[in-house]
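Engineer: Protein chains in written order, with our numbering: chain B, 1 to 162; chain S, 1001 to 1496.
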Amino acid sequence: MDGNRILVIGYGNPARADDGLGPALVERLEALGIPGLTVESDYQLSIEHAAMAAEHDIVVFADADGSASEPFYLKPVGEEPPGSFTSHSVAPGGILRIARSCFDASPAGYLLGIRGEVFEPFTEGLSPAAREGLEAALEYLPRFIAEHRGQADAADPGGATC
Amino acid sequence: MATKASKGKTYTILPVTRVEGHGKVTIHMNDAGVVEYARLHIVEFRGFERFILGRPFWEVPVMVQRLCGICPVSHHLAAAKAMDRIVGGEQLTPTAEKIRRLMHYGQMFQSHALHFFHLSSPDFLFGADGTAESGFAAPPAKRNIIAVAREFPKLAVQGVMMRKYGQEVILATAGKKIHGTGAVPGGVNKNLSVAERDALLKDVDQMTAWARSAVTIARDYTMEHLAELAPFGSFDSNHLSLVRESDGALDLYDGVLRAVDKDRNMILVDVNCQRYLDVLMEEVRPWSYMKFPFLKELGPDHGWYRVGPLARLNTATFIDTDEAYTAHKEFRELQKDRSNNITMCYHWARMIELLHSIEKIRELLLDTDLQGKELLTSGPRREEAVAIIEAPRGTLFHHYRVNRNDEVTMCNLIVSTTNNNEPMNRAVTKVAKDHFSGRREIPEKLLNYIEVAIRAYDPCLSCATHALGGMPLVVELYDAGGGLVARRVRGAGQPV
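Listed below in structure tokens is the structure:
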């Protein structure tokens, strides 16, 4: 194996201003052409992403966070406990749990939350705060990916904030 | 927050889980503690119709996908169909029409699979108290795909892979998942390559087998629990959908409007979609953000109708694919010559459409027109157009006017969930009357009963941002005077 297979899934609706931070991050990451990195974007997480997650060693879930106090944070995310409510969408922990239950795979999960402020419908573009968070996350994430690609065991120091 | 009941008690369930966006249920009881009526309040975004004004018409099929992260393909195709008429290109080339139909059946397949395996199967598999012996309302800890994956991993894998397959069909035809661009005014912007076709054909047998199995699960569950399911949230109603113009067959992409009553008498006979305003109206009620459509001729009290899988299987004369044809006949046997008015039969009907969709996908993939080179057509320009499509959740109306500068000057949408507004309110009222009268609290099991009734319609109350920290479940209880008695919040990983 060449190293850990890393997947970044950015999700959100770009037509709801900062809600589109996840897809915006993925678009920029894709342009960087980082070796060994798979990227995916969608309006929301859904069950089929578990099949994709199961084919990777590390999964980074990138989403906007309207309550974040810092421009971005990256923290480990575990499997979702039973009992949480569900909708058409699935939480990152749910994706990890489905990956294990259905595909016997246990990728390490990380949640990349990028600070957003504006979530109005039919509003295009990112707010200044969201742009700041996006740039900070993009400055950090390639280093994270490079550091983790070579690690067979994805034990992590615990994420990062900026 | 809560609606005050005059001289009564109001229970508020806000928002509804496993349906999208923000919904609220209020249950109105009188002084004797008997439920008088219940209401489902949905915050519907009407902003798109203003947002799109002044935009060039050719942007609409892409822009309209921003309405909804749940069924963007339905909006994409409905808008494209309308813009076909604007450019005089409604007689699509065979390649363009078949590519669009493939996209649409891919959407139907993944959406129905998601609903059945992810949202509804916990109710079927685990029952009210986790034993699968007492109905269809699983306890909270098991009311999700995660519990299904843990205890029925093979079934969960099928759900995941069917959803994934449908998404791959969409990706191959629409170009991308977010803001797909496949359908354009007068046609499509790409055909399906042989490599793309072969990749999809590789798994079509497996998908068909799983869809067949899903029909069996839904049918057997319905028949085994019929005594309990038949009255649950049920009521007599009219049913409306598109049917194929030439022979009344089920057609999810195009056709004419047909409606039948509770006894399957035809009450709207194959009306051209451009005339929808001649036969339909929308009523505004002061307590609801969402309108209530009805058939003009019958008026608001008697002209409301259901849409979606149950309605489509009631209106269609037959289904034109082999296995779904047989399944439809069996479905019809349950109610003989009447319409099927059993709300919980939506699930069985949905699985028959799942099977029909994969049969159609196979049929299309084997058609060499998909590799054709003629993608676009046009004709005399128009300034107004209506397009109707059968989205997974029901009939979806798009109506536009465009000026000579190519700018959109009017937009009116009636989405599937709006068409089902009155039926969903009636389903909630039926469940509340049957199960809530005389109670002074909302047991978890009964909370889920309300959700089960709404979930049968698979409403899409989407367009609400999903960003981290959003969308908790809040339950509020008010006393007769409108004072808050209790409030409970359920968030991710945090049962009420």
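Idealized CB from N, CA, C, for every residue including glycine.
Just so it is clear, the structure is predicted and the values come from calculations on it, not from any experiment.
1. In terms of residues, what are the limits of the alpha helix (DSSP H) holding P1293(S)?
2. Rounded to the nearest angstrom, what separates M1351(S) and E1422(S) at their Cα positions?
3. A1391(S): buried (16+ other C-beta within 10 angstroms of its C-beta) or exposed?
4. Tell me where the beta strand (DSSP E) around H1239(S) begins and ends.
5. Please name the residue, chosen from Y11(B), D104(B) and D63(B), that lies closest to Y73(B) on a Cα-to-Cα basis.
6. For S1339(S), which beta-bridge partners are listed by DSSP?
7. Of the choices L45(B), P121(B) and G113(B), whose alpha-carbon is the least far from that of G133(B)?
8. At 7 Å on the CB atoms, spell out the chain B contacts of G1233(S), in chain order.
9. Give a yes or no on whether the minimum CB-CB distance between M1103(S) and chain B is below 8 Å.
10. How many angstroms separate the CA atom of D1123(S) from the CA atom of H1115(S)?
11. Determine the contact status of I1086(S) and V1402(S), defining contact as a CB-CB distance below 8 Å.
12. Which of the three DSSP states is assigned to N4(B) in this structure?
13. Given G10(B), which residues of its chain have a CB within under 6 Å of its CB, disregarding the five upstream and five downstream residues?
14. Of all the CB atoms in chain S, is at least one closer than 8 Å to the CB of P121(B)?
15. What ranges does the beta strand (DSSP E) occupy inside the region 37-97 of chain B, keeping only unbroken runs of at least 3 residues that lie completely in it?
16. Hey, could you find the ends of the alpha helix (DSSP H) R1455(S) is sitting in?
17. Can you round the beta-carbon distance between L1252(S) and I1388(S) to whole angstroms, since I take them to be within the 8 Å contact cut?
18. For H1398(S), report the span of its beta strand (DSSP E) as first-last.
19. Anyone know if the C-beta pair for A1311(S) and A1249(S) falls short of 8 Å?
20. How big is the Cα-Cα spacing for G125(B) and R1362(S)?
21. Just to confirm, is the Cβ distance from L1413(S) to N1189(S) under 8 Å?
22. Using three-state DSSP, classify A1199(S) as helix, strand or coil.
23. For the 8 Å Cβ check, are there 3 or more pairs between the region 1057-1068 of chain S and the region 1160-1170 of chain S?
24. What is the DSSP secondary structure of A1464(S), reduced to helix, strand or coil?
25. DSSP three-state label for P1423(S), please.
26. Does the ligand NAD have a heavy atom nearer than 7 Å to the CB of R1101(S)?
27. Exposed or buried, what is S1121(S) when buried is set at 16 or more other beta-carbons lying within 10 Å of its beta-carbon?
28. What residue does the alpha helix (DSSP H) around V1386(S) start on, and which one ends it?
29. Checking the sheet assignment: what are the DSSP bridge partners for G150(B)?
30. Helix or strand or just coil, what does DSSP make of A1432(S)?
31. Following the continuous alpha helix (DSSP H) through L32(B), name the residue where it begins and the one where it ends.
32. Going by DSSP, what residues sit across from L1268(S) in a beta bridge?
Structural biologist: Based on what the coordinates show:
1. P1293(S) -> not in any alpha helix (DSSP H); beta strand (DSSP E) instead, spanning F1292 to L1295.
2. 24 Å
3. By the neighbour-count rule (16 or more Cβ atoms within 10 Å), A1391(S) is buried.
4. N1238 to V1243
5. D63(B)
6. In the DSSP output, where bridge partners are listed per residue, S1339(S) has none listed.
7. G113(B)
8. Chain B residues near G1233(S): none, gap ~20 Å exceeds 7 Å.
9. no
10. Distance between the alpha carbons of D1123(S) and H1115(S) is about 12 Å.
11. yes
12. coil
13. G22, P23, L25, V26, S41 and A62
14. For P121(B), the nearest beta carbon of chain S is closer than 8 Å to its own beta carbon.
15. 37-42, 58-65 and 72-77
16. E1444 to R1455
17. Distance from L1252(S) to I1388(S) at the Cβ level is roughly 11 Å; contact not present, criterion being Cβ atoms closer than 8 Å.
18. G1394 to V1402
19. no
20. 40 Å
21. no
22. Looking at A1199(S) - three-state DSSP - the assignment turns out to be helix.
23. no
24. Here the model assigns A1464(S) a pLDDT of 31, short of 50, so the residue's position is not dependable, and the following value carries that caveat. Here A1464(S) sits in coil by DSSP.
25. In this structure, P1423(S) counts as helix in the three-state DSSP scheme.
26. Summarising the ligand content, the structure contains no ligands, and the ligand NAD is consequently not present.
27. It is buried - the Cβ of S1121(S) has at least 16 other Cβ atoms within 10 Å.
28. Careful: V1386(S) lies outside any alpha helix (DSSP H), inside the beta strand (DSSP E) at E1384 to A1391.
29. Checking the DSSP bridge columns, you'll see G150(B) has no partner listed.
30. Note: A1432(S) maps to helix in three-state DSSP.
31. Start and end: L21 to L32.
32. A1259(S)
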